[in-house]
Amino acid sequence: KQWYQRRVAITAGATMMNEKFPEQGDLHREIGHTHRIGRVSFDEVIVTMDKMDELCDKSWEDLRNISKHTSSTNEVMKKQHAFLNSVSERINILKVVIRRVKTRYNSLLLYFGIDPVKHFIPPDEFCRVISEFALEYRTAIEAVVLEQEKKRKMRKKKKVPTATLR
Numbered sequence: 002k003q004w005y006q007r008r009v010a011i012t013a014g015a016t017m018m019n020e021k022f023p024e025q026g027d028l029h030r031e032i033g034h035t036h037r038i039g040r041v042s043f044d045e046v047i048v049t050m051d052k053m054d055e056l057c058d059k060s061w062e063d064l065r066n067i068s069k070h071t072s073s074t075n076e077v078m079k080k081q082h083a084f085l086n087s088v089s090e091r092i093n094i095l096k097v098v099i100r101r102v103k104t105r106y107n108s109l110l111l112y113f114g115i116d117p118v119k120h121f122i123p124p125d126e127f128c129r130v131i132s133e134f135a136l137e138y139r140t141a142i143e144a145v146v147l148e149q150e151k152k153r154k155m156r157k158k159k160k161v162p163t164a165t166l167r
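Each residue of the sequence shown is one higher than the last, beginning at 2 in our numbering.
The following block contains the structure:
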């Protein structure tokens with residue numbers, strides 16, 4: 002029953018949108034990035050980021066221990082130091098990006114009227130819902146357009162008079 006009611010609501014919305022904006026684009030195709038986000042677990046991204054940070058710290062520790070026992074003019078040590086500096090810098094940039102994405106996602110939830118503190122929805126689940134809606138909406142729009150075409154053809158058939166014999 003719930004599926005039927007949701008289907009009726011989507012069809013009614015699709016009909017209204019098709020009447021107001023007949024040349025609208027395909028929502029399902031336009032939000033491809035949302036489909037891809039729906040397949041990524043943000044929890045895994047955060048865990049992976051923490052592991053990378055931990056491994057980088059251990060590498061710095063190992064490099065310090067190695068440098069105590071070797072000469073400081075070693076060329077390999079300098080390259081490793083430069084590499085670890087680059088890695089640390091990139092990890093810090095990724096942390097900033099993740100923090101900004103979280104902030105923007107929480108703002109998006111607020112825009113849709115969802116309090117992220119009380120009712121947090123994981124980003125992958127939210128994007129999956131949007132993606133499923135876009136697919137159902139596209140199906141409904143296609144059904145509405147087909148129904149309108151059928152009605153138009155029926156009207157044309159009724160208007161065209163049959164050939165009269167003289």
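All C-beta atoms, glycine included, are put in the ideal place defined by N, C-alpha and C. Computed from a predicted model, the values in this text were never measured in an experiment.
Every candidate beta strand (DSSP E) stretch fails here, since none sits fully inside the region 70-114 while reaching 3 residues. Apart from the 5 residues on each side of it in sequence, P117 sits with its Cβ closer than 6 Å to the Cβ of N107, L110 in its chain, given in chain order.
Going by C-alpha positions, A141 is about 24 Å away from D125.
For G33, the enclosing alpha helix (DSSP H) stretches over residues 33-38. At least 7 Å separates the beta-carbon of M53 from that of I99. Here S87 is not near C57, since their CB atoms are 7 Å or more apart.
Taking 7 Å as the cut-off, the Cβ atoms of E137 and I11 count as close.
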